[in-house]
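Following: one structure in structure tokens, then a few remarks.
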Amino acid sequence: MKLIVLISGRGSNLQAIARAFKMKKIKGKISLVISNKKDAHGLEIAKEYGIPSEFHNPSVFKTREEYDIHLVERIKKEKPDLVVLAGYMRILSDYFIESFEGKLINIHPSLTPAFAGLKAPRQAIQYGAKFSGCTVHFVTKELDKGPVIIQAVVPVKPDDTEHTLSDKILQYEHRIYPQAIKWISEGRIKVKGRQVVVEGAEYGTLPVNPALEDF
Ligand code: GRF
Numbered sequence: 012m013k014l015i016v017l018i019s020g021r022g023s024n025l026q027a028i029a030r031a032f033k034m035k036k037i038k039g040k041i042s043l044v045i046s047n048k049k050d051a052h053g054l055e056i057a058k059e060y061g062i063p064s065e066f067h068n069p070s071v072f073k074t075r076e077e078y079d080i081h082l083v084e085r086i087k088k089e090k091p092d093l094v095v096l097a098g099y100m101r102i103l104s105d106y107f108i109e110s111f112e113g114k115l116i117n118i119h120p121s122l123t124p125a126f127a128g129l130k131a132p133r134q135a136i137q138y139g140a141k142f143s144g145c146t147v148h149f150v151t152k153e154l155d156k157g158p159v160i161i162q163a164v165v166p167v168k169p170d171d172t173e174h175t176l177s178d179k180i181l182q183y184e185h186r187i188y189p190q191a192i193k194w195i196s197e198g199r200i201k202v203k204g205r206q207v208v209v210e211g212a213e214y215g216t217l218p219v220n221p222a223l224e225d226f
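Our numbering puts the sequence shown at residues 12 to 226.
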């Protein structure tokens with residue numbers, strides 16, 4: 012299993028995934044981390060874990076498409092099995108998405124399809140939702156709405172703020188993202204249209220569904 016991780020900022024999901032590889036909970040490796048931000052903290056995390064990392068500057072390209080063509084070419088050289096978006100804060104062009112169809116996953120801090128787009132925890136608070144959570148999904152052209160691999164549910168309490176809710180959701184992100192990658196690496200994910208089934212996983216447990224294994 013060879014992964015490429017795309018980041019833009021803090022990199023806490025990258026860290027959770029890198030730790031899972033280091034602890035041999037997932038077989039394989041992250042072969043490259045790519046950031047579109049020079050000062051992304053995630054680049055430091057890559058260094059800490061000895062993972063090669065690169066900053067690719069979008070401002071030297073005229074259009075989003077040109078940047079994405081450049082990125083696709085770079086990523087394809089690595090021949091990854093999976094391309095993982097971990098807080099990558101750019102809208103992807105159709106070309107990018109088509110280039111890695113079925114091999115491109117994202118994590119979003121809501122129970123999709125609710126609260127797509129930016130600041131999902133704030134959207135959940137403002138809406139008055141009583142539960143929110145996070146979702147690992149395949150990436151399709153519809154923003155944050157591709158087929159769901161795993162979701163974790165987090166209750167929203169009356170005194171929660173955007174920040175407390177984000178923190179609680181993040182704790183689950185760090186568990187479900189490595190779990191989803193492990194399942195993919197084991198070839199246990201079957202996709203039929205929108206339906207994703209994890210072979211051998213226990214379904215029907217909360218707050219994480221399907222159940223986490225040993226994360
Ligand atoms: C996470 O909340 C993730 O769900 C969203 O962007 C944030 C990235 O955080 N897509 P980090 O950079 O992994 O710490």
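For glycine and all other residues, C-beta sits at the position ideal for the given N, C-alpha and C.
8 Å contact criterion, which residue i and residue j should meet: CB distance rounded
{"i": "I161", "j": "A191", "result": "5 Å"}
{"i": "P132", "j": "I180", "result": "6 Å"}
{"i": "K13", "j": "K49", "result": "Not really, about 25 Å apart at Cβ, beyond 8 Å."}
{"i": "Y106", "j": "V83", "result": "7 Å"}
Bridge-paired residues (DSSP) for residue i
{"i": "Q162", "result": "T146 and N220"}
{"i": "Q206", "result": "K203"}
{"i": "S46", "result": "I18 and F66"}
{"i": "I116", "result": "V95 and F149"}
{"i": "I41", "result": "L14"}
Chain-order list of residues whose beta-carbon lies under 8 Å from that of residue i (same chain, five-residue window excluded)
{"i": "K114", "result": "P91, D92, L93 and V94"}
{"i": "Y183", "result": "G144, C145, A163, V165, P218 and V219"}
{"i": "N87", "result": "Here residue 87 is Lys; the residue named in the question, Asn, does not match the sequence. Closer than 8 Å at the Cβ level, and outside the excluded window around K87, lie S110."}
{"i": "D225", "result": "K36"}
{"i": "T172", "result": "I136"}
Same chain, Cβ closer than 7 Å to residue i, five either side skipped, listed in chain order
{"i": "G215", "result": "none"}
{"i": "S23", "result": "L181 and H185"}
{"i": "R199", "result": "V209, E210 and G211"}
{"i": "A135", "result": "S121, F126, S143, V167 and L176"}
{"i": "F72", "result": "Y78 and H81"}
Spatially closest choice to residue i from the options, by CA coordinates
{"i": "P69", "options": "I56, V83 and N47", "result": "N47"}
{"i": "I37", "options": "I195, A212 and Q206", "result": "I195"}
{"i": "H119", "options": "I187, K87 and A212", "result": "I187"}
{"i": "F66", "options": "E59, K73, A51 and I80", "result": "A51"}
{"i": "K130", "options": "G157, L176, K152 and R199", "result": "L176"}
{"i": "L25", "options": "Y99, E84, L82 and K49", "result": "Y99"}
{"i": "I108", "options": "T151, G128 and F72", "result": "T151"}
{"i": "L154", "options": "T172, R85 and S104", "result": "S104"}
{"i": "V202", "options": "G128, I28 and H148", "result": "H148"}
{"i": "R75", "options": "G61, I102, Y60 and E89", "result": "I102"}
{"i": "G128", "options": "Q137, K156, F226 and R85", "result": "K156"}
{"i": "P169", "options": "Q137, P189, D178 and K193", "result": "Q137"}
{"i": "I28", "options": "P189, K193 and I62", "result": "P189"}
{"i": "R85", "options": "I15, K193, V207 and M34", "result": "I15"}
Beta-carbon proximity list for residue i, same chain, < 6 Å, skipping 5 on both sides
{"i": "L96", "result": "L17 and N117"}
{"i": "S64", "result": "V44, L54 and A57"}
{"i": "R30", "result": "none"}
{"i": "I205", "result": "Per the sequence presented here, residue 205 reads as Arg, with Ile not at that position. Only P158 meet the Cβ criterion."}
{"i": "A222", "result": "E213 and T216"}
{"i": "G20", "result": "A51 and G98"}
{"i": "E112", "result": "none"}
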